[in-house]
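Take a look at the structure below.
4 protein chains.
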Amino acid sequence: MSKYRVLIDANDEKGLVYKVSTVFYNNDLNILSNSEFVDKENNKFFMRSVVDGDIEYSKLEKLLSDVLPSNATVEVIAPKKKNIIIMATKEMHALGDILIRHEDGELEANILAVISNYDDLASFVAKFDIPFVTISHVDLDRAEHETKILECLAGFKDIDYIVLAKYMRILTPRFVEVYEDRIINIHHSFLPAFIGANPYKQAYDRGVKIIGATSHFVNNNLDEGPIIAQEVIHVDHAYGWKDMQRSGKDVEKVVLSRALKLALEDRIFVYANKTVIF
Amino acid sequence: MSKYRVLIDANDEKGLVYKVSTVFYNNDLNILSNSEFVDKENNKFFMRSVVDGDIEYSKLEKLLSDVLPSNATVEVIAPKKKNIIIMATKEMHALGDILIRHEDGELEANILAVISNYDDLASFVAKFDIPFVTISHVDLDRAEHETKILECLAGFKDIDYIVLAKYMRILTPRFVEVYEDRIINIHHSFLPAFIGANPYKQAYDRGVKIIGATSHFVNNNLDEGPIIAQEVIHVDHAYGWKDMQRSGKDVEKVVLSRALKLALEDRIFVYANKTVIF
Amino acid sequence: MSKYRVLIDANDEKGLVYKVSTVFYNNDLNILSNSEFVDKENNKFFMRSVVDGDIEYSKLEKLLSDVLPSNATVEVIAPKKKNIIIMATKEMHALGDILIRHEDGELEANILAVISNYDDLASFVAKFDIPFVTISHVDLDRAEHETKILECLAGFKDIDYIVLAKYMRILTPRFVEVYEDRIINIHHSFLPAFIGANPYKQAYDRGVKIIGATSHFVNNNLDEGPIIAQEVIHVDHAYGWKDMQRSGKDVEKVVLSRALKLALEDRIFVYANKTVIF
Amino acid sequence: MSKYRVLIDANDEKGLVYKVSTVFYNNDLNILSNSEFVDKENNKFFMRSVVDGDIEYSKLEKLLSDVLPSNATVEVIAPKKKNIIIMATKEMHALGDILIRHEDGELEANILAVISNYDDLASFVAKFDIPFVTISHVDLDRAEHETKILECLAGFKDIDYIVLAKYMRILTPRFVEVYEDRIINIHHSFLPAFIGANPYKQAYDRGVKIIGATSHFVNNNLDEGPIIAQEVIHVDHAYGWKDMQRSGKDVEKVVLSRALKLALEDRIFVYANKTVIF
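Protein chains in written order, with the numbering used here: chain A, 4 to 281; chain B, 4 to 281; chain C, 4 to 281; chain D, 4 to 281.
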């Protein structure tokens with residue numbers, strides 16, 4: 004008995020659920036859960052099923068592809084630990100939250116390494132027996148620094164996701180293209196408010212009564228990639244911007260870990276610079 | 004072209020989605036939305052679909068019943084305004100919220116009447132051109148009072164839901180049985196905390212930091228029916244119990260209106276003293 | 004025995020609390036509640052006390068002014084109903100929430116009139132026995148229309164606050180200056196995200212997972228006045244922008260009513276385009 | 004220049020703020036923040052001030068005691084790291100969150116040791132260079148086991164707080180009395196709902212739509228001590244009780260860390276089985 008996650012997106016048309024469920028039925032598969040969504044505006048159909056039964060995943064993928072229209076994308080995934088790289092700079096809270104969850108067996112992930120442009124976090128990461136790589140940006144231009152990181156990453160095989168756990172440098176299109184829809188960032192504001200540097204200072208100056216954090220896939224426009232998860236907390240006039248920053252940490256770590264888990268469980272579809280999440 | 008809500012519950016077995024989607028496909032119905040849930044513990048399957056196409060609803064119901072196992076319940080509903088009765092006592096906020104939404108065209112409902120054991124709200128309800136019936140409990144025992152209400156209700160035909168918008172009297176089993184799973188109550192606490200009288204006073208005495216409200220179907224155990232919706236707000240030491248009561252009103256009205264809308268849109272399944280909500 | 008709200012702001016310096024509490028003590032006033040805040044960055048002190056005792060409010064104001072530095076502002080307010088004007092366009096939900104609260108005796112306010120540029124809401128407002136004034140903008144340029152509104156407002160005396168309950172036209176500096184820090188608006192987004200027209204459409208296009216509403220005083224930059232209150236709700240991919248708009252209404256009305264109550268209870272200080280709220 | 008936290012509680016009477024602020028003024032102390040609360044029902048006054056200036060803390064305490072009524076309690080505290088013991092059983096999430104915050108320099112605390120009745124967490128705690136003590140309860144009755152823990156605790160001096168980070172055994176009155184109002188527990192439900200064992204199972208069986216966690220001081224009635232902090236998350240029918248348990252962990256750790264920080268910053272007054280929190 005194998006258990007699979009089946010992810011399908013296609014242009015919407017009548018009969019898609021019928022066709023998929025016919026394949027499941029004819030192959031004696033049991034549906035454990037089933038989620039569908041039709042985006043009427045864009046005429047797009049999305050479906051995520053979890054099934055179990057006696058079938059090879061490649062065979063199931065072929066059977067589904069055969070009955071579905073040629074525009075459909077079908078993925079059949081056997082749940083297993085995904086390989087992730089974490090990139091950080093100096094802050095410990097978001098990284099630490101992921102490391103504890105990993106240690107606690109809560110994440111379907113192997114953490115291959117933590118990469119940072121500083122070595123501040125080296126001894127902290129070492130506690131968890133995870134490789135730590137410092138790739139300093141000092142005396143390098145952005146392209147040179149990124150080349151070094153890309154070379155480092157090339158040394159790991161089958162990276163599923165790169166998690167930016169408060170990595171405080173901008174990635175260029177060259178980098179982003181290599182890992183399209185696979186780089187998960189945490190931005191310390193309720194996007195699209197306060198794009199760019201020091202959002203807590205911006206929030207303080209504007210006098211907001213709520214602050215937030217946003218986890219999103221990275222694309223080539225700063226802080227404009229598809230949003231995966233957002234959360235907020237209330238603040239008041241007594242919060243200086245450093246108080247906002249301190250309180251904001253708790254939201255950042257929660258939101259980043261939530262987004263990472265959604266990705267590891269194959270729950271996210273990306274299209275039209277948005278996410279569909281089952 | 005007609006639009007239908009299809010509600011199915013059944014013991015779980017392989018092929019249910021296949022069978023339902025085959026009926027939809029063979030009858031050229033378009034699936035606008037589809038939600039499924041399997042309760043593994045109780046081996047129960049729930050499905051709600053919204054479809055449109057050219058078919059009589061009774062024919063669709065028959066076709067589905069024919070392919071589904073005999074334990075299945077199938078309902079095909081053509082969306083239309085449901086008939087509701089509101090029962091209240093003296094408080095205006097929850098009743099007022101429903102009346103405004105009704106006035107604003109937001110509810111799929113005809114409000115047949117507001118019934119109260121006092122006449123305090125009579126002139127308020129009159130503003131909205133809705134019949135107001137006072138059925139005083141004074142000088143009557145509980146059974147006599149309830150008999151009068153039941154007689155009044157018998158004068159309205161096709162009552163879909165009775166909404167208790169802070170109706171402050173307990174209904175007996177005799178009443179509840181007549182309208183099983185059709186009486187929606189708002190209880191002014193986060194159930195199951197603070198069952199019974201004056202929950203804000205109880206919450207204050209206990210020193211809680213959060214208060215809430217719960218909307219539920221009424222069954223024969225006080226405040227123990229299937230929960231539909233809950234919401235909370237934060238409080239602190241500066242809240243006396245009357246402050247909690249005042250702030251709690253805002254939660255009560257939101258939660259009751261939310262539950263009512265779920266019911267009017269046929270989104271609620273009841274079983275095992277719980278709700279499945281799509 | 005009289006009860007007063009005492010509002011003080013001043014440049015921060017040692018001894019302010021001492022001086023104020025000395026006046027209270029020497030005049031045998033009882034402090035019912037006391038809130039203070041020092042904004043260290045701007046070196047500003049804010050205090051709101053509620054006291055009761057036997058003293059004329061003008062005498063108390065004088066005594067406090069005498070001991071406080073000349074830069075201080077002192078207000079002693081005897082709680083009473085404030086006079087408000089509501090401006091609306093066509094939407095009922097935010098207006099309706101205020102009218103119900105008013106009807107329920109929950110607001111310390113007299114509603115002098117509702118003014119709209121359409122007559123859609125006339126019969127609704129009439130239910131509540133509140134004057135409704137239609138001032139159409141048709142065939143008028145912005146200045147002419149505003150002149151008519153200002154003339155109408157001049158006919159009411161002692162307007163404390165103007166509440167824009169989804170009034171969908173921009174006010175010019177000429178208007179805003181007349182009622183500085185006294186016009187309370189509800190903007191249907193989590194400011195500063197989605198300034199301007201159709202914020203729900205903007206939010207939908209951006210693919211956010213949270214939407215919100217912001218109540219603020221109106222100044223001369225669109226949607227950039229001092230924020231009084233904000234609230235949010237979670238949404239997901241299944242929300243089209245009209246669903247966001249529909250769900251957003253519930254947040255809008257809650258936030259506007261909350262801001263209005265804070266104003267009516269003299270709990271808001273405005274400075275540096277922000278609010279301090281006790 | 005020294006910085007002090009001044010905590011005062013007393014029976015309420017006129018002039019308390021005046022007397023305290025007079026002492027501050029006469030000794031040239033600067034008030035950095037000031038919070039007061041009067042519980043009218045119980046006629047109790049609470050005040051927390053943060054001041055700085057040139058004075059010995061014992062002298063300040065004496066000056067305040069001299070002017071305040073004899074029923075008043077005055078504490079002047081020079082902020083410094085407090086000594087805490089963490090007790091845990093097998094779960095890592097709440098403990099891990101505290102250890103990361105400690106590592107990150109976010110807590111005003113020295114963690115003297117982690118004590119557990121199992122050794123499952125030993126290697127985890129060792130990563131953080133914090134002493135781990137296993138005191139097994141196997142083959143011991145409750146009194147014998149507790150005696151061993153009390154003996155262990157007696158070996159540490161100046162324990163300020165004992166934090167029960169999912170310590171899954173009940174403490175007896177003998178233990179609680181030694182550390183009255185100094186033992187901080189996290190209960191994995193929204194108290195007072197679901198007191199006792201397996202609250203997530205209880206919540207699942209009841210069909211709630213919200214689950215929560217409660218941090219409280221431990222007294223001699225199970226789960227009935229003064230509540231410090233509470234938080235909730237929404238759940239739906241798709242959550243089995245193990246899903247609730249998993250999601251609940253994120254609330255538990257947040258609430259416990261929040262309560263701990265409030266205690267470390269001397270922000271909590273306990274009285275009448277409740278807390279006043281500034």
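Positions of the beta carbon are idealized from the N, C-alpha and C atoms, including for glycine.
This structure is a prediction, so every number in the text was calculated from the model and none was measured.
Would you please state the rounded distance, in angstroms, between the beta carbons of residue i and residue j? I believe it to be under 8 Å.
| i | j | result |
| --- | --- | --- |
| Asp57/D | Leu35/D | Contact doesn't hold; Cβ gap of about 15 Å is too wide. |
| Val2/D | Leu174/D | What is shown of chain D runs 4 to 281, which leaves residue 2/D out entirely. |
| Glu106/D | Met50/A | The pair is not a contact, with the Cβ atoms about 43 Å apart (cut-off 8 Å). |
| Val64/C | Val53/C | For the sequence presented, residue 64/C should be read as Glu rather than Val. So it is not a contact: roughly 15 Å between Cβ atoms. |
Quick check on residue i: does DSSP put it in helix, strand or coil?
| i | result |
| --- | --- |
| Ser24/D | helix |
| Thr175/B | coil |
| Tyr242/B | coil |
| Gly210/C | coil |
| Asn29/A | helix |
| Gly215/D | strand |
| Phe131/D | coil |
| Glu149/C | helix |
| Glu78/C | strand |
| Ile3/B | Outside the shown range of chain B, which is 4 to 281, sits residue 3/B, and nothing can be said about it. |
| Glu64/B | helix |
| Ser52/C | strand |
| Arg249/B | helix |
| Leu71/B | coil |
Would you decide whether residue i is buried or exposed? Buried here means 16 or more other CB atoms lie within 10 Å of its CB.
| i | result |
| --- | --- |
| Arg8/A | buried |
| Leu66/C | buried |
| Ala262/A | buried |
| Asp100/C | buried |
| Ser192/D | buried |
| Arg177/D | exposed |
| Pro134/B | exposed |
| Asn74/B | exposed |
| Lys160/D | exposed |
| Ser260/B | buried |
| Glu234/B | buried |
| Lys83/C | exposed |
| Leu194/D | buried |
Ordered along the chain, which non-local residues of its own chain (more than five positions away) have a Cβ less than 8 Å from that of residue i?
| i | result |
| --- | --- |
| Leu265/D | Ile231, Ala232, Ile271, Ile280 |
| Leu71/D | Ile11, Ala13, Leu19, Lys22, Val23, Val77 |
| Glu16/C | Phe48, Pro72 |
| Ile236/C | Ile213, Ile214, Gly215, Ser250, Gly251, Asp253, Val254 |
| Tyr207/A | Tyr242, Gly243, Trp244, Met247 |
May I ask whether a heavy atom of the ligand SAM can be found less than 7 Å away from the beta carbon of residue i?
| i | result |
| --- | --- |
| Asp12/B | No copy of the ligand SAM occurs in the structure displayed, which carries no ligand at all. |
Starting from the C-beta of residue i, find all residues in its chain whose C-beta is less than 6 Å away, skip the five residues before and the five after it, and write them out in chain order.
| i | result |
| --- | --- |
| Ile198/B | Asp226 |
| Gly228/A | His219, Phe220, Val221, Asn222 |
| Val273/A | Asp184, Pro229 |
By Cβ distance below 7 Å, which residues in the same chain neighbour residue i in space, the five residues on each side in sequence not counted?
| i | result |
| --- | --- |
| Tyr170/D | Met90, Ala91, Thr92 |
| Cys155/A | Ile118, Val136, Ile138 |
| Leu1/C | Residue 1/C lies beyond the stretch modelled for chain C, which goes from 4 to 281, so this question has no answer here. |
Name, please, each residue of chain F whose Cβ falls closer than 7 Å to the Cβ of residue i.
| i | result |
| --- | --- |
| Tyr21/D | The displayed structure is made up of protein chains A, B, C and D, and chain F is not among them. |
Positions along the segment 127–149 of chain B whose CB lies within less than 8 Å of some CB in chain C: Cβ contacts with chain C: Phe127, Lys130, Phe131.
Tell me which residues of the segment 26–58 of chain B have at least one Cβ-Cβ distance to chain D shorter than 9 Å, keeping chain order. Listed by position, the residues of the segment 26–58 of chain B near chain D (Cβ gap below 9 Å) are Phe40, Asp42, Lys43, Glu44, Phe49.
Could you please tell me which residues of the segment 252–263 of chain B, in chain order, have their CB closer than 7 Å to any CB of chain C? Taking a C-beta cut-off of 7 Å against chain C, the contacting residues of the segment 252–263 of chain B are Asp253, Val257, listed in chain order.
Which residues, in chain order, does the segment 193–221 of chain D contribute to contact with chain C at a C-beta distance below 8 Å? Only those residues of the segment 193–221 of chain D whose C-beta falls short of 8 Å from the nearest C-beta of chain C would be listed, and there are none.
Using a Cβ-Cβ cutoff of 7 Å, what residues of the segment 7–19 of chain A are near chain B? List them in chain order. For the segment 7–19 of chain A, which is checked against every Cβ of chain B, the residues closer than 7 Å are Lys17, Gly18.
Residues in the segment 103–117 of chain B having any Cβ partner in chain C nearer than 7 Å: When CB distances to chain C are screened at a threshold of 7 Å, the residues of the segment 103–117 of chain B falling below it are Ile103, Glu106, Asp107, in chain order.
With 7 Å as the limit, tell me which residues of the segment 86–99 of chain A have their beta carbon closer than that to any beta carbon of chain D; keep them in chain order. Residues of the segment 86–99 of chain A whose Cβ lies closer than 7 Å to any Cβ of chain D, in chain order: Met95, His96, Gly99.
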